[in-house]
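Trainee: Sequential numbering of the sequence shown, starting at 1, is according to the working numbering. Next up is a structure, given as structure tokens.
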Amino acid sequence: MTNDIDRATPSEPKGHGFAADVLDGLSRAEKRLSCLYFYDAAGSELFDEITRLPDYYPTRVETDILAAHGEEMLGGADADSALVEFGSGSSRKTELLLERAPRLALYAPIDVCASALEKARARLSARFPHLRVCPIVADFSRPAPLPAALADRRRIGFFPGSTIGNFTPDEARALLLAMRVLLGPGGRLIVGVDLKKDPSRLIAAYNDAHGVTAAFNLNLLARINRELGGGFDLSGFCHQAIYDARAGRIEMRLVSRRRQTAKIGGRDFAFSRGETIHTEDCYKYGVDEFRVTASDAGWAPGRVWTDAEALFSVHELRAP
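What follows is the structure, given as structure tokens:
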């Protein structure tokens, strides 16, 4: 069947949203840029490279969990069911679930990167000819219209990669609540959650020796230069990743190597030596800790799948 594409009004690419968010974030006393904007075409390719690095365990371990338990996760999925993925990217991990649900007829990936969605759609169309793919170009963390094809179907949400960790605990509860509303009564959500562990293992995953994560972080500035006519000198900034044990999160920043000024949209932004731009938080959870967060958002926690080393977890949540 020919695949469809539904484009919600994008809140992100090349437009007012990106420019306004950048100008607002860099105008703050503690400068910051949203991790949402990591994933343009160049950023998405760099992230795919990160996932193949030896020290970056989350993708490898989650993939193994999905391969081992995918049939259980999508148990009961049939031609009247739809899989809705939040922040789908390349949809590589999703293939593991689609292989294990041959009766599933509709897949709706939501992502801000149109090029990644198009590539995924073409690949999935070739591999699963029976599957109707309805990509949605949108920021999954904000309300967006869904394709009409989902209206009367049972909905299973898929939120892998521990992307939930990019949100503060309060934001995570609000997002899980919004997902419960979108998936509707009787809906289910399969969500990947990175677990708390030895900080040295976490730091190695977010500060690789090959410099790929550094390039991924710096691509934010390169994107500002490309799309907003920014004047950042990328050699004037370096990547930093630290673990805040009290907050239970990895913090990623860009650090100014010297005093400098960058011009964006006719405005000058001054940086002192050592000043940072906060680009990402990655919260880690204990299994029971996340189940409480999900319960607070109105979900009924179900099964939990983990690896032998308890590095990563995949949770099943059920809507009443």
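The beta-carbon is built from N, C-alpha and C at its ideal position, and this holds for glycine as well.
1) Scan the stretch 260-299 and note each continuous alpha helix (DSSP H) run of 4 residues or more that stays entirely inside, going in chain order.
2) Under a three-way DSSP split, which group does Ser88 fall into?
3) How would you label Arg142, buried or exposed, when you count the other beta carbons within 10 angstroms and need 16 or more for buried?
4) Between Thr322 and His239, is the Cβ-Cβ spacing less than 9 Å?
5) Taking the continuous alpha helix (DSSP H) assigned at Val61, which residues delimit it?
6) If I measure Cβ to Cβ from Arg223 and keep anything under 8 Å in the same chain, skipping five residues before and after, which residues do I get?
7) Which runs of the beta strand (DSSP E) at least 3 residues long sit entirely within the stretch 91-151? Give them in chain order.
8) Spatial neighbours of Val304 within its chain, please: C-beta separation below 8 Å, excluding the five flanking residues on both sides.
9) Tell me the rounded alpha-carbon separation between Leu124 and Glu95.
10) Can the beta-carbon of Leu131 be found less than 9 Å from the beta-carbon of Leu106?
11) By alpha-carbon positions, which one of Ala247, Gly248, Ser235, Ile250 ends up nearest to Arg257?
12) In the DSSP assignment, the alpha helix (DSSP H) including Arg226 goes from what residue to what residue?
13) Give the DSSP-derived three-state secondary structure of Asp194 in the structure shown.
Mentor: Per the coordinate set shown:
1) Qualifying alpha helix (DSSP H) stretches, in chain order: 287-296.
2) By one-based count along the sequence shown, residue 88 stands at place 88. Coil, per DSSP.
3) In the sequence shown, residue 142 corresponds to position 142, counting from 1. Exposure of Arg142 is indicated by the presence of fewer than 16 other C-beta atoms within 10 angstroms of its C-beta.
4) Only positions 1 to 320 of the chain appear in this structure, which leaves residue 322 out of reach.
5) For the purposes of this step, residue 61 is identified with residue 61 of the sequence shown, where counting begins at 1. Segment 57-73, the alpha helix (DSSP H) holding Val61.
6) Here residue 223 refers to the residue found at position 223 of the sequence shown. Cβ within range, chain order: Tyr37, Asp40, Ala42, Gly43.
7) Every beta strand (DSSP E) stretch that sits fully inside the stretch 91-151 and reaches 3 residues is listed by chain position as 106-111.
8) On the sequence shown, position 304 is the one that residue 304 refers to. Within the same chain, Val304 has close Cβ partners Val287, Arg291, Ser313, Val314, His315, Glu316.
9) Locating residue 124 in the sequence shown gives position 124, where the first residue counts as 1. Locating residue 95 in the sequence shown gives position 95, where the first residue counts as 1. Cα atoms of Leu124 and Glu95: separation of roughly 8 Å, rounded to the nearest angstrom.
10) Walking along the sequence shown from the start, residue 131 turns up at place 131. Walking along the sequence shown from the start, residue 106 turns up at place 106. If you check the CB distance, Leu131 and Leu106 come in under 9 Å.
11) Here the question's residue 257 lines up with position 257 in the sequence shown. Check the Cα spacing between Arg257 and each of Ala247, Gly248, Ser235, Ile250: the tightest is with Ser235.
12) By 1-based counting over the sequence shown, the position of residue 226 is 226. Judged by DSSP secondary structure, Arg226 falls within the alpha helix (DSSP H) whose first and last residues are 212-228.
13) Along the sequence shown, one-based indexing puts residue 194 at 194. Taken through DSSP and simplified to helix, strand or coil, Asp194 comes out as strand.
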